[in-house]
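Notes follow the structure.
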Amino acid sequence: MSEDYYDSNTSYKAQSSETISSGSGSVSDIDYVKPKEVPDQELYHGHSFITKYIFCQDAKVIGVQYTLTAVFTGIIGLILSWMMRMQLGFPELFPVLTSETYYQFVTMHGMIMVVYLLTALFLGGFGNYLIPLMVGARDMVFPYVNMVSYWMFFVAVLVLMASFFVPGGPTGAGWTLYPPQTLLEGTPGSGIGIMLMLISLALFVIGFTMGGLNYVITILQARTRGMTLMRMPLTVWGIFTATILALLAFPALFVGAIMMSLDKLLGTSFFMPTIIQAGEMLEYGGGSPILFQHLFWFFGHPEVYIVALPAFGIVSDLISVHARKNIFGYRMMVWAIVAIGAISFFVWAHHMYVSGMSPWFGFFFATTTLIIAIPTAMKVYNWVLTLWKGNIRMNVVMLFCLGFLITFVNGGITGLFLGNVAVDVPLSDTYFVIAHFHMVMGIAPVLVILGAIYHWFPLVTGRFLDEKLGKWHFWITFLGSYSIYFPMHYLGFIGVPRRYFEMYDSPYMTSAVGMNQFISLAAFIVGAAQFIFLFNIIKSLKIGKLADKNPWKANSLEWYTPNVPPVHGNWGDKLPVVHRWPYDYNVPGAKEDFIPQTTPPSEVKDTGVEKT
Amino acid sequence: MSEQTSINNNLPQGFKGLTSDFGSDQTAFKGVNWGKAMMWIFLLSDTFIFSCFLISYMKVRASVVAEWPYPSEVFALDVGGVPVPLLLIAIMTFVLITSSGTMALAVKYGYEKNKKLCGMFLLFTALGGLTFVGMQAFEWSKLIFHEGVRPWGNPFGAAQFGSFFFMITGFHGTHVSIGVIFLFIFSRKAFRGDFDTGKKGFFTSMKSDYVAIEILGLYWHFVDLVWVFIFAFFYLW
Amino acid sequence: MVMAETKKEQQTTTHKIGIYLWIWGLLFVLSFFSYMVDWFQFQGLLRWTLIVTFMLLKAGLIMAIFMHLFWERYALVNALLWPMTAIACFICLMVAEGKYTVFTRLFYFVVGG
Chain A
1 MSEDYYDSNT SYKAQSSETI SSGSGSVSDI DYVKPKEVPD QELYHGHSFI TKYIFCQDAK
61 VIGVQYTLTA VFTGIIGLIL SWMMRMQLGF PELFPVLTSE TYYQFVTMHG MIMVVYLLTA
121 LFLGGFGNYL IPLMVGARDM VFPYVNMVSY WMFFVAVLVL MASFFVPGGP TGAGWTLYPP
181 QTLLEGTPGS GIGIMLMLIS LALFVIGFTM GGLNYVITIL QARTRGMTLM RMPLTVWGIF
241 TATILALLAF PALFVGAIMM SLDKLLGTSF FMPTIIQAGE MLEYGGGSPI LFQHLFWFFG
301 HPEVYIVALP AFGIVSDLIS VHARKNIFGY RMMVWAIVAI GAISFFVWAH HMYVSGMSPW
361 FGFFFATTTL IIAIPTAMKV YNWVLTLWKG NIRMNVVMLF CLGFLITFVN GGITGLFLGN
421 VAVDVPLSDT YFVIAHFHMV MGIAPVLVIL GAIYHWFPLV TGRFLDEKLG KWHFWITFLG
481 SYSIYFPMHY LGFIGVPRRY FEMYDSPYMT SAVGMNQFIS LAAFIVGAAQ FIFLFNIIKS
541 LKIGKLADKN PWKANSLEWY TPNVPPVHGN WGDKLPVVHR WPYDYNVPGA KEDFIPQTTP
601 PSEVKDTGVE KT
Chain B
1 MSEQTSINNN LPQGFKGLTS DFGSDQTAFK GVNWGKAMMW IFLLSDTFIF SCFLISYMKV
61 RASVVAEWPY PSEVFALDVG GVPVPLLLIA IMTFVLITSS GTMALAVKYG YEKNKKLCGM
121 FLLFTALGGL TFVGMQAFEW SKLIFHEGVR PWGNPFGAAQ FGSFFFMITG FHGTHVSIGV
181 IFLFIFSRKA FRGDFDTGKK GFFTSMKSDY VAIEILGLYW HFVDLVWVFI FAFFYLW
Chain C
1 MVMAETKKEQ QTTTHKIGIY LWIWGLLFVL SFFSYMVDWF QFQGLLRWTL IVTFMLLKAG
61 LIMAIFMHLF WERYALVNAL LWPMTAIACF ICLMVAEGKY TVFTRLFYFV VGG
């Protein structure tokens with residue numbers, strides 16, 4: 001393996017002839033790729049069941065572990081949302097659900113879905129599986145740290161789940177955990193529950209940092225020969241930028257969690273003002289509750305893009321492959337991802353317009369928020385233009401991509417409403433906000449995840465998922481989630497507040513009782529449809545249609561490993577050499593409608609292939 | 001991977017080098033070892049943690065209505081009955097900067113593959129760090145037992161003074177302590193010659209290399225760097 | 001300029017011991033100066049300016065020389081320094097926020113809710 005590695009003094013001739021030896025045989029300078037800079041990676045190969053499947057150092061296994069754990073917590077989040085909709089739609093039907101449990105379910109649903117499902121699944125799951133394969137590395141650069149990262153995440157999930165079983169139950173403060181109410185007795189779970197939540201978040205941040213350093217360094221420092229940053233699939237770009245955001249944003253959450261747990265445990269007053277609880281003056285005094293909101297959203301807004309950017313990247317690749325067309329404006333797409341990532345650190349307080357912060361901030365944050373819409377809109381145009389005159393294959397993956405596009409535009413446009421201070425003030429804390437963020441960072445990324453699983457399932461298992469079940473799954477999920485969230489915009493406009501346990505006979509509700517019940521019914525159906533998907537996965541694992549080596553005829557490296565599904569070390573004896581971007585579909589004059597990234601230029605000389 | 005550095009001589013420099021590095025294949029940071037790149041990015045993330053601590057401190061201190069205790073007096077040390085302001089802190093700063101200097105020399109001798117001097121300077125650095133932690137423990141106990149400063153309140157003024165003091169110096173002290181542990185381990189490894197023989201690590205089963213000293217050095221200098229900010233913002237401000 | 005850069009590039013990893021000792025000494029001197037700011041009880045704008053100047057000088061020296069950032073390629077230097085703009089923005093906004101919070105506290109204390 002290490003004969004690929006040259007000292008820089010080796011002469012040019014020797015390098016170029018060696019490089020070509022893997023190609024077609026016609027030696028020419030246009031196929032020259034720079035020699036290897038970094039010696040080949042040493043890997044620890046597991047031998048026993050434990051080192052191969054449990055404490056495994058193979059990024060692919062770790063990715064699957066992350067995915068399974070995240071999906072498991074996601075199912076719990078889904079069941080919690082069922083309970084919530086049960087209470088909201090049919091308050092009398094389910095007397096076990098008290099206001100306390102309702103708030104606990106709201107809190108856990110939010111935290112699970114945002115952090116433990118979406119972040120872990122996109123970065124931990126897809127990141128681990130795809131990054132080394134797509135950039136042509138043998139594994140993550142620090143496999144051991146990577147393994148520890150997963151197990152930290154696992155412990156974080158266990159701690160979070162444990163809070164369901166402690167006295168007082170999990171915290172019911174809402175996923176934003178705003179003090180002072182988080183720590184006051186009236187809030188459910190203000191004892192052990194909130195402590196477990198904070199510990200779990202701190203563990204998650206530590207574990208994620210270990211993984212995140214791996215992803216970043218693998219992408220920056222361990223790409224294969226010929227793989228420039230501008231030849232990486234957009235999936236990798238999305239995950240890369242999101243990981244950087246996470247590494248820089250999670251510290252704020254970590255600090256907030258430490259300070260709040262000190263407020264709880266030691267009675268410090270970082271966030272706690274002078275306050276009276278049930279007629280009794282508490283020991284606290286002089287703290288700044290708004291500081292927590294700033295810390296939380298300094299993390300929280302980048303977090304939105306931590307979820308969105310990998311989805312942007314993955315959907316770009318899926319659209320390109322299944323429309324058989326190069327992605328429109330690749331470089332613009334890359335720079336848009338980077339710009340969104342950078343600007344996302346300067347928009348956080350648009351979540352706080354009604355919080356009592358300095359009123360001057362509204363100008364600043366409304367402006368930056370509208371600016372961030374520009375690169376986002378560019379991306380949407382480019383997706384549409386990629387589809388334009390493409391050879392669109394209407395399979396399940398493409399359906400999910402189209403579903404994403406529509407949903408994302410919907411959620412994005414309501415975001416423009418909420419980004420403007422004057423429009424936000426009447427709309428904040430209504431169902432309009434719920435509809436907005438579920439559309440834009442709930443449904444849209446989940447549709448991408450589902451599409452991505454249909455797309456990469458043959459790579460991971462060697463079998464297809466069932467198309468027929470998949471179509472049922474898609475249409476129920478897509479139409480169902482629109483039935484849930486579209487009416488919510490209207491509920492918001494008529495002033496129905498969010499986070500109310502029951503609406504009773506309030507005047508705005510009487511006109512919308514039926515709609516509210518309809519939303520609940522739709523939620524039950526959409527949730528149930530996800531079990532079709534789980535059934536599909538289990539069924540296809542056993543008896544799914546066998547897939548060829550590169551079933552979608554894609555160009556990116558992950559489909560070109562010697563073994564499919566890829567084994568530990570990914571590439572066998574020789575690392576791949578990359579000569580082009582991964583989007584050469586339907587190139588005029590080419591023999592087939594796709595040119596893999598590994599095809600040297602001399603093989604496609606007479607085609608209209610672009611220089612990338 | 002130290003051979004990598006020879007490649008760098010042929011590359012463009014300055015901002016031209018910036019664009020050519022990011023436009024190139026394989027690596028974006030030319031000649032930077034994986035572990036070193038990881039440590040830099042980790043330190044960037046850690047910088048955000050300490051920044052968030054200090055920003056919170058600034059925000060709360062700016063908005064408390066109660067009187068903020070005067071650090072110059074709180075942290076004074078009696079020498080023969082005369083209170084000398086910030087004496088202990090000055091000595092702690094001295095010790096930490098000294099250890100940073102010995103660490104720089106350890107890195108230098110590490111690169112020269114001089115295992116004796118490298119190990120010795122690592123040991124000096126570890127001892128410096130240990131002294132620092134010891135003095136911090138002394139400072140804490142003095143504040144707690146003699147001055148009556150508690151995380152939740154103090155006799156001098158705003159309660160947040162003690163809260164932030166213990167939290168920030170505690171977090172920094174944790175960093176120092178972790179560094180000291182690793183310094184002792186690496187000093188032993190250097191004396192034993194692990195970095196020359198490329199002995200495999202106990203946990204990661206990766207080969208030892210002198211670049212590990214530089215990585216540890218980055219961490220140690222970062223701890224010193226954070227102290228510079230804490231010194232300025234907490235003791236002098 | 002170009003010559004200077006090629007020269008410094010050749011000595012990426014090993015440097016003469018002198019430079020470390022110089023910087024070491026300089027750090028002591030700067031620390032001493034910032035200690036003196038407190039000793040002589042400079043107050044007001046002068047105090048803040050001196051403290052921040054000495055702090056940034058020390059931080060810069062540690063990063064540039066001890067952490068070898070001066071000899072690193074611009075790619076790494078830029079990747080590390082640009083994210084600090086987010087911190088700078090956070091600091092500026094929190095200064096404003098702190099002032100506003102104390103204003104509201106005093107205002108409503110005096111005027112009443």
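Residue numbers (this note's numbering), protein chains in the order written: chain A, 1 to 612; chain B, 1 to 237; chain C, 1 to 113.
Glycine residues also receive a C-beta, built at the ideal position from the N, C-alpha and C atoms.
Assigned with DSSP and collapsed to three states, A:D29 falls in helix. Inter-residue distance for A:M398 and A:T461 is about 20 Å (C-alpha atoms, whole angstroms). Per DSSP, the continuous beta strand (DSSP E) segment holding B:P83 begins and ends at 82 to 84. For A:D424, the uninterrupted alpha helix (DSSP H) segment begins and ends at 421 to 427. Contact between B:Y210 and B:K113 holds, with the beta-carbon distance rounding to 6 Å and staying under 8 Å. Taken in chain order, the whole alpha helix (DSSP H) runs of length 4 or more contained in the segment 261 to 331 of chain A are 289 to 322. Cβ proximity to chain B below 9 Å picks out L76, V77, N78, A79, L80, P83, M84, A86, I87 from the segment 76 to 87 of chain C.
Secondary structure note for B:D78: its beta strand (DSSP E) is the uninterrupted segment 77 to 79. Taking a contact to require three or more Cβ pairs closer than 8 Å, the segment 223 to 235 of chain A and the segment 163 to 172 of chain A do not qualify as touching.
Residue contact check for C:W22 against chain B: no CB pair falls below 7 Å. Around the beta carbon of A:K545, a 10 Å sphere encloses fewer than 16 other beta carbons of the protein chains shown; the residue is thus reported as exposed. For C:Y108, there are no C-beta contacts with chain B under 8 Å, since the nearest C-beta of that chain is about 11 Å from it. Under the three-state reduction of DSSP output, A:T430 falls in the strand class. By the criterion of a C-beta distance shorter than 7 Å, B:G148 is surrounded in its chain by N154, P155, once the five residues flanking it on both sides are discounted.
By the beta-carbon neighbour count (other beta carbons within 10 angstroms, threshold 16), B:R61 is buried. At a C-beta separation below 7 Å, C:T101 has these neighbours in chain A: S288, I290. For C:C92, the closest Cβ of chain A is not nearer than 7 Å. Proximity of chain A to B:A66 at the Cβ level (cut-off 7 Å) is accounted for by G286, in chain order. Bridge partners of A:P551 according to DSSP: none are assigned. Under a criterion of Cβ atoms nearer than 8 Å, the residues of chain C adjacent to B:V228 are, in order, M55, K58, A59, I62.
Counting only Cβ-Cβ distances below 8 Å, C:E72 has no contacts in chain A at all, with the closest Cβ about 14 Å away.
Among the residues of chain C, those whose CB is under 8 Å from the CB of B:G17 are R73, Y74, A75, following chain order. Cα atoms of A:H436 and A:V409: separation of roughly 11 Å, rounded to the nearest angstrom. In the DSSP assignment, A:N536 forms no beta bridge with any residue.
Chain order gives the chain C residues near A:W360 as A96, Y100, where near means a beta carbon separation below 9 Å. A buried status is given to A:Q293, since no fewer than 16 other beta-carbon atoms sit within 10 Å of its beta-carbon.
A:N146 carries a helical assignment under DSSP once its states are collapsed to helix, strand and coil. Two segments are said to touch when three or more pairs of C-beta atoms, one from each, lie closer than 8 Å; by this definition the segment 89 to 98 of chain B does not touch the segment 327 to 339 of chain A. Distances from the alpha-carbon of A:A377 to those of A:I413, A:M357, A:L43 put A:I413 closest.
The beta carbon of B:M58 does not come within 7 Å of any beta carbon belonging to chain A, so the residue lies off that interface.
Under DSSP, the beta-bridge partners assigned to B:N154 are B:G157. Contact note: A:M357 reaches chain C through E97, using a C-beta cutoff of 7 Å and chain order. Put simply, the CB of B:F186 is far from chain A, with every gap to its CB atoms at 7 Å or more. The shortest CA-to-CA distance from A:L117 to any of A:V307, A:M84, A:Y490, A:Q530 is the one to A:V307.
Shown in chain order are the members of the segment 133 to 159 of chain B whose Cβ falls below 7 Å from a Cβ of chain A: P151, W152, A158, A159. For A:I543, the closest alpha carbon among the candidates A:P251, A:D466, A:G286 is that of A:D466.
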